[in-house]
Structure formats: C-alpha cells, structure tokens
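K.L.:
In order, the protein sequence lines correspond to chains A, B and C.
Each residue of the first sequence is one higher than the one before, counting from 73 in the numbering used here.
Each residue of the second sequence is one higher than the one before, counting from 74 in the numbering used here.
Each residue of the third sequence is one higher than the one before, counting from 482 in the numbering used here.
Virtual Cβ for every residue (Gly too), placed ideally from N, Cα, C.
Quick one: the structure is below, questions incoming.
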Amino acid sequence: MSFNVLIVDDSSSMRAVIRKIVAISGFKMGRCYEAANGQEALDVLSENWVDVIISDINMPGVSGLDMLDHLKADDLLKEIPVIVVSTEGSDERIRSVMSKGAKRFVRKPFLPEDIRKILYEVIGVDNEGRYCDVQEPPDGGDF
Amino acid sequence: MLDQNCLDKKIRVLVVDDSAIVRKIFSEELSRYPDIEVVGTAPDPFVARDKIMRLKPQVITLDIEMPRMDGLTFLKKLMRYQPLPVIIVSSLTKEGGKLALEAIESGAVDVVSKPGSSFTVGDMKEQLVAKIRAAALARLPRPETKPAGTPEPMAALTCTTHKVIAIGASTGGTEALKCILTKMPPNSPGTVVVQHMPANFTTAFANRLDGLCQTRVKEAADGDTVIPGTVLIAPGNFHMLLKRSGARYYVEVKDGPRVHHQRPAVDVLFKSTAKFAGANAVGVILTGMGADGAEGLLEMKRAGAATIAQDEKTCVVFGMPKEAIRLGGVDTVAPLEQISQEILKMVG
Amino acid sequence: MKADTATSRNLLTEAIFETFEKMFFLFLEPIDREPEGCDLESVVQFKGFVEGRLEVSLSRNLAVAMVSNMLSCSTGDVTDAKIEDCAKEAANVICGSFLQRLDRRGDFNLSTPSFRRVAGVNRNVSEGEGMIRICFDSDYGGMDVRAVLSENRPPSGRGPEEV
Chain A
73 MSFNVLIVDD SSSMRAVIRK IVAISGFKMG RCYEAANGQE ALDVLSENWV DVIISDINMP
133 GVSGLDMLDH LKADDLLKEI PVIVVSTEGS DERIRSVMSK GAKRFVRKPF LPEDIRKILY
193 EVIGVDNEGR YCDVQEPPDG GDF
Chain B
74 MLDQNCLDKK IRVLVVDDSA IVRKIFSEEL SRYPDIEVVG TAPDPFVARD KIMRLKPQVI
134 TLDIEMPRMD GLTFLKKLMR YQPLPVIIVS SLTKEGGKLA LEAIESGAVD VVSKPGSSFT
194 VGDMKEQLVA KIRAAALARL PRPETKPAGT PEPMAALTCT THKVIAIGAS TGGTEALKCI
254 LTKMPPNSPG TVVVQHMPAN FTTAFANRLD GLCQTRVKEA ADGDTVIPGT VLIAPGNFHM
314 LLKRSGARYY VEVKDGPRVH HQRPAVDVLF KSTAKFAGAN AVGVILTGMG ADGAEGLLEM
374 KRAGAATIAQ DEKTCVVFGM PKEAIRLGGV DTVAPLEQIS QEILKMVG
Chain C
482 MKADTATSRN LLTEAIFETF EKMFFLFLEP IDREPEGCDL ESVVQFKGFV EGRLEVSLSR
542 NLAVAMVSNM LSCSTGDVTD AKIEDCAKEA ANVICGSFLQ RLDRRGDFNL STPSFRRVAG
602 VNRNVSEGEG MIRICFDSDY GGMDVRAVLS ENRPPSGRGP EEV
C-alpha cells in the first residue's frame, strides 16, 4: 500500500526538500505530485488521485488559504487531508488556517519522523501506515 | 477496456472488503465459475488503489460499510479518476440501504446484499455472479456533473385514472428510473415498477425517489391501490402483480418462485398487467442484463398496451430491452431522456 | 516584550542550527571573525510584534552544498537559479523560526525574500542595540547572518549597516 502526496510550495527548492524529507522519513509514498501554487494544485487534483496534501500558505496567485476554500467547496476534494507547512505561525495564524479546514499545521523546518507521524495521522492509518490493526489470518490476507 | 468484449477471457474481479473472511469466501466461491477470475483482494482503499493500477480488474466488488474506511469516498474517487464498474456489497440494514443508494448515485452499477437470515450464501453467490457478468459489460457514463434535476415542465394531464404505467429495470435501472420518474408530472397515471434489487434497498430507493419526484413514490405493500400521482416500487424479495377490482387497480405483493432468477421479476408484473389492464397500460423495459420482462412486454403489446424499450446507447447494459425488441414486443425504442415524454404521449 | 540582545542572539543561533540541520543537512560552527567570500545575500523583512529584517550572506561553496543536499543532486547540477531559490528559502525559514522563538504568540508577516550578489563587500558592522550579527563556518564555507530589530515601531529609514 502506498499514498499519493501533493506538495504545494512556490519554491521548487522547498518542494524538493519536503519531498526528500518525506522520502527519507520512511513514509510509504506512492506518487508525489508538485504544484507551485493553489491553482496548479487544483489542476493536479482534477486529474490525479491524491491522498494527502502538504501545502505552503503564502504563494502568488491562488494562495494556500484560497486553495483550502476551493477544496472545501468540492464534494470529493474536501475529504483530502491538508497539512499546512509555513514559516509563519502565531497561534492566531494557526487558528485561522485550521478553521479553513487544514488538518495540521507544521512549522518549517521539520524532522522526517515528525512529518511521517503527522502524515499517517491525518490519513488515518497506524504508525506503520497500515489501515487495519486487525490481525489478518495468514491465508486470508492479500494475494 | 477492450478485452471486456473478448468472451474467451475471464472477467477480472477485485474484491475490496475489510473482512478477511468475506475476501476469502468471495475469492473461493467466485473462482469456481469458469468465466470469472478474482485477480486480487484488498482490505482497504489504499491497497485497493494500488491493485487497481497494477492488476487492471474489470469489475470491483466493494463493501461500503467498513468501520475503518470510507468506502463511499473511495468509490467517488474511483469514479472520478479511474472509472470502473463497481458492485456494492451491502448489509440488509436500513443504513446499508441508504448508503448503497448513494453509492449507485455516485456511479456504482449495482448492489448485492450480504447473506442474511433469509438470504443464503448460495443465493448471494448466484446474484453476485450474474451482476458481475452484467457489470463487465456495463457502459460507464462519463462522470459528468449534470445540473441538479429541475425537471422540464410537462403538460398537465387530463383524467388518467384508468391508465397504468408498468416499468421494469435491472442493472443501471435505479438511475434510469430516477431520470424518468423525476420528469413525470404530479398527476401522472398510477405507476408500478419492478427494479431488480435486494430486499430493503427498495425501501431506501423508494424513499429517495419520493423526495425527488413530483409524484408520491412508495415501496409497495400488498393491496396498495394504484392511483394517479403515485408510483409503487416492488419490494425486494417479493413479486408484485397488478390486479383489478371493479374500476380499481391494486397490487398484490407476494412470495413465489424466482423467475429468471429474479424476485421481483419484471415478467410477473408485466404479465399480470397485460391481463388486468390490457390496452390501458403502457409497458416500459429499461436497462439490465438478461431477458426478464421480454415475454411479459410482448403479452402486454398483444393485449393492446403501448410499449417502450430504452435504446442501446443509453443503457448501462443493453440486455432486457434487446431481448424484448427481438421478441417483437416493443413499439417504440427511445433514449432514456425521452422515455418520460413517450410515456406521456401514449397515455395522453 | 523585547528579549535582550544576548537572548535574541541565542535564539537566532538555535534557529539557524535547526534550519541547517533539518533542511540542508549541514552543521555549522559559530566563529568570531568575519568569514570570507559571503557574496550571496538574501534578505527578508518582517512586520508584526517586532519589525526589522534578516540578512543572510552565504559563500558560494556553502550555497552549492546546501542546494545539493536539499535537492539531492550532484554539485555539478547546481545552477544559479537553484542557488537563489535555496538562499531565499533559507532566509525565510531562519527568519520564521527565529521570530517564533522570540515570541510564540506574536503575530508577524514575512516579506518575499530578495536576493542579490554582492562582490567583495566589507561588512564593517558590530553588534549593538537592535542589531545581532552571527558568523559561521562549515566544511564547505562561511555564512554571515545579521538581524536588525526594532520593537513594533515603523522602521526609521535604512539600517545603519547598509553601505
């Protein structure tokens, strides 16, 4: 099992480092899509099956907050958990981001183990990235 | 998608269910059929997605009531990003019925109920296989967001108490019925419907339609009168027959052997309608696999009724209408969007 | 509530260490002298509970190492555009992390970072009221960081260290 991630940040370096940190964290990443702003993110989402979004807030054009509004208005996209990463982060700011529907707020920079834990948490799987903690009989599992 | 039409190939099925036991039973039981191959199973949506990409199944069975996963959301995403025929496996509970209905509105082609007290694994297996075969042939409409159904205004009807509309449908029928019935004016002739559906789903289905239609829609109970402005849906697991007492039409809802492996069966309704309503009836056969309804529609036509079949292009599965046309029981073949108009023309 | 210069200095150092370890996978060593060749300069302005700006000057070698670590690419694939993007992000993240440490509850806005190449500048700046300067060395090259702070006052023209 793997999870498709969308990374939204106007800095290509920041997208690359987020991608790298997620990759080395041990998170089971399937496809990794990138977008430089909210509009590009929505374009990616219209074509691709994404399980979790990691997004910056301050971006030119459609900002992270605008994107959250768009996601909320879409019956299908509203289910996708969004983790906001930002350099700015007063409690007030965090509250406003969360009230827009973001699942978590993470300050840059962050550690691989932190982001893995948060990714699994918002997706709703356990720490190993498994959906069910129910014991599977050895012959009844996947084949 | 091409190999769906190759009859020499097995139908590739992926079973998505969080219960290991269900996955095991489905795999074992379905694999007994020479034309079906369970290519994989998945306990959750993420594994399911991986396997869909990798194994390219043609049909998916999906349990939408899983405690740990939102099957409905998975279905919606699947229909958006990777449309495939999906058969919903659901419990016989009221909640399950509602959920299954929403699933069908979200693009699932059919629903089969989990084995319950009156419904054995054997019954289910038979239905499931039939539905998988139908689903493998299903034509998936591109998921398009249609403007929420404000039905076109229909000319008001004159007195129609003596007219009866009888409709039969299977795979793809719930959406087809929704399309037709929401367009019918509030004083439409009394309407009787058989939709192949497990018991209890028909309740949820009738309730759902009732909220959408200008007419009243209810799951039929034995003895219900067929009156203008009311649509009666045959309850799952029972046959429904049209009867007449003096000037009054009513339905008989009863047990009985399955016809074409179905209960309710369209033929049972249509044949009784031919007998008791004759030329006062309009018969409509809609999308679905198999031949149920074809003979009944021919009897209706012979009794003087006007008959309509849904055309191939708008059918999810062009089975029952095709058979009805072949037998010669169809007056008019029409695309789905025009059927309500055709009906009203015939009763007008 | 304004932290004294020594406290602010420590907080800025922590922010820099954290950013370099977590984002660039590099370890820095604070030094007392001015490092050489720190020609790549990115600046972030901030407004809020405290106002001012953060200036980060990097040597090219260190910037190349940062880019190649950040993007997992070989040093040969490092372009000027990547260096600029990376240097701006470094200033942005250090600044956010530093202000966060100054006051957890404080609200602030960061400007879009600017970037320029300044050859052979002699930064004759010393620390004082509202001015922090920390220099670093690493296996790859040096870095010179300056923070100019004024507490919630409109900035009075340009900083004293500007040439």
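1) Exposed or buried, F119/B, counting other C-beta atoms within 10 Å across all chains shown (16 or more means buried)?
2) Considering only residues of the same chain and omitting the five flanking positions on each side of T275/B, which have a CB-CB separation below 6 angstroms?
3) Report the partner residues of Q268/B according to the DSSP bridge assignment.
4) Identify whether E532/C lies in helix, strand or coil by the three-state DSSP scheme.
5) Note down, in chain order, every chain C residue with its Cβ under 9 angstroms from the Cβ of R176/A.
6) Can you tell me which of the three DSSP states A571/C falls into?
7) Does any residue of chain B bring its CB to less than 8 angstroms from the CB of E193/A?
8) Identify each residue in the region 552-565 of chain C for which the Cβ-Cβ distance to at least one residue of chain A is less than 7 angstroms, and report them in chain order.
9) Does V89/A come out as helix, strand or coil in the three-state DSSP assignment?
10) Report the CB separation of V403/B from L359/B in whole angstroms; it is logged as a contact under 8 angstroms.
11) I want to verify the contact list: residues of chain B whose CB lies under 8 angstroms from the CB of F75/A, in sequence order.
12) Within the continuous beta strand (DSSP E) that includes V134/A, where are the two ends?
13) Going by beta-carbon coordinates alone, are V559/C and V548/C separated by less than 8 angstroms?
14) Rounded to whole angstroms, what's the CA-CA distance from V427/B to V324/B? Just pull it up for me.
15) According to DSSP, what are the bridge partners of S163/B?
16) What residue does the alpha helix (DSSP H) around T494/C start on, and which one ends it?
17) Give the DSSP bridge partners of G113/B, in chain order.
18) Taking C-beta pairs closer than 7 angstroms, name the residues in chain C that F182/A reaches, listed in chain order.
19) Does the beta carbon of N130/A sit closer than 8 angstroms to a beta carbon anywhere in chain B?
20) Starting from Y192/A, follow the alpha helix (DSSP H) in both directions and report where the run begins and ends.
21) Report the neighbours of D163/A on chain C: residues whose CB is nearer than 8 angstroms to its CB, in chain order.
22) Compute the Euclidean distance between the alpha carbons of L157/B and F75/A, then round it to the nearest angstrom.
23) Any C-beta of chain C within less than 8 angstroms: which residues of the region 80-92 of chain A qualify?
24) Going by the CB atoms, is the gap between L148/B and G170/B shorter than 8 angstroms?
25) What does a CB cutoff of less than 8 angstroms around H142/A pick up in its chain, not counting 5 residues either side in sequence?
26) Can at least three beta-carbon pairs, one atom from the region 122-140 of chain A and one from the region 100-110 of chain A, be found at a separation below 8 angstroms?
27) Give me, in chain order, the residues of the same chain whose beta-carbon lies closer than 6 angstroms to that of L720/C; leave out the 5 immediate sequence neighbours on both sides.
28) With a threshold of 16 other CB atoms inside 10 Å of the CB of P130/B, please say whether the residue is buried or exposed.
29) Flag Q581/C as yes if its beta-carbon sits less than 8 angstroms from any beta-carbon of chain A, otherwise no.
30) Taking CB distances under 8 angstroms as the criterion, tell me whether L591/C reaches chain A.
31) Can you give me the Cβ contacts of E225/B inside the same chain, cut-off strictly under 6 angstroms, excluding the 5 residues immediately before and after it?
32) Helix or strand or just coil, what does DSSP make of E385/B?
33) Nearest-angstrom Cα distance between G222/B and E178/B?
P.N.:
Let me spell this out:
1) So F119/B ends up on the buried side.
2) The residues are E292, I306, P308, G309.
3) According to DSSP, Q268/B bridges with A242/B.
4) If DSSP states are grouped into helix, strand and coil, E532/C belongs with the strands.
5) Those within 9 angstroms of R176/A in chain C number zero; the least Cβ separation is about 16 angstroms.
6) Correct three-state label for A571/C: helix.
7) The beta carbon of E193/A does not come within 8 angstroms of any beta carbon belonging to chain B, so the residue lies off that interface.
8) Listed in sequence order: L552, S553, K563.
9) DSSP, read as helix, strand or coil, puts V89/A in helix.
10) Their Cβ separation, rounded to whole angstroms, is 12 angstroms, which puts V403/B and L359/B out of contact at 8 angstroms.
11) The contacting residues are F119.
12) V134/A -> no beta strand (DSSP E), and no H or E assigned at all.
13) Yes. Within cutoff.
14) Nothing can be reported for residue 427/B, as the shown portion of chain B is limited to 74 through 421.
15) S163/B has S186/B as its beta-bridge partners, per DSSP.
16) For T494/C, the enclosing alpha helix (DSSP H) stretches over residues 486-504.
17) Looking at the DSSP output, G113/B sits in a beta bridge with L87/B.
18) Listed along chain C are K503, each with a C-beta nearer than 7 angstroms to that of F182/A.
19) Output row for N130/A: interface = no.
20) Its alpha helix (DSSP H) spans residues 184-195.
21) Chain C residues near D163/A: R585, R586.
22) F75/A has its alpha-carbon roughly 20 angstroms from the corresponding atom of L157/B.
23) Against chain C - using a Cβ distance shorter than 8 angstroms - the residues of the region 80-92 of chain A are S83, S84, S85, M86, A88, V89, K92.
24) Judged by their CB atoms, G170/B and L148/B are not nearer to each other than the 8 angstroms cut-off.
25) G110, L114, V134, L149.
26) Three or more pairs of CB atoms, one per stretch, sit closer than 8 angstroms, so the region 122-140 of chain A contacts the region 100-110 of chain A.
27) In the structure as shown, chain C begins at 482 and stops at 644. Residue 720/C is therefore absent and cannot be evaluated.
28) Taking all protein chains in view, the Cβ of P130/B is crowded by 16 or more other Cβ atoms within 10 Å, so the residue is classified as buried.
29) For Q581/C, a Cβ of chain A is located within less than 8 angstroms of the residue's own Cβ.
30) Taking 8 angstroms as the CB threshold, L591/C lines the interface with chain A.
31) Model confidence at E225/B stands at a pLDDT of 47, short of 50, so the residue's coordinates are unreliable; what they give is reported in the following sentence. Closer than 6 angstroms at the Cβ level, and outside the excluded window around E225/B, lies no residue.
32) When secondary structure is reduced to three states using DSSP, E385/B falls in the coil class, being assigned neither helix nor strand.
33) Only weak support is given to the placement of G222/B: the predicted model assigns it a pLDDT of 42, under 50, and the value that follows is read from those uncertain coordinates. One Cα belongs to G222/B, the other to E178/B, and the distance between them is close to 13 angstroms.
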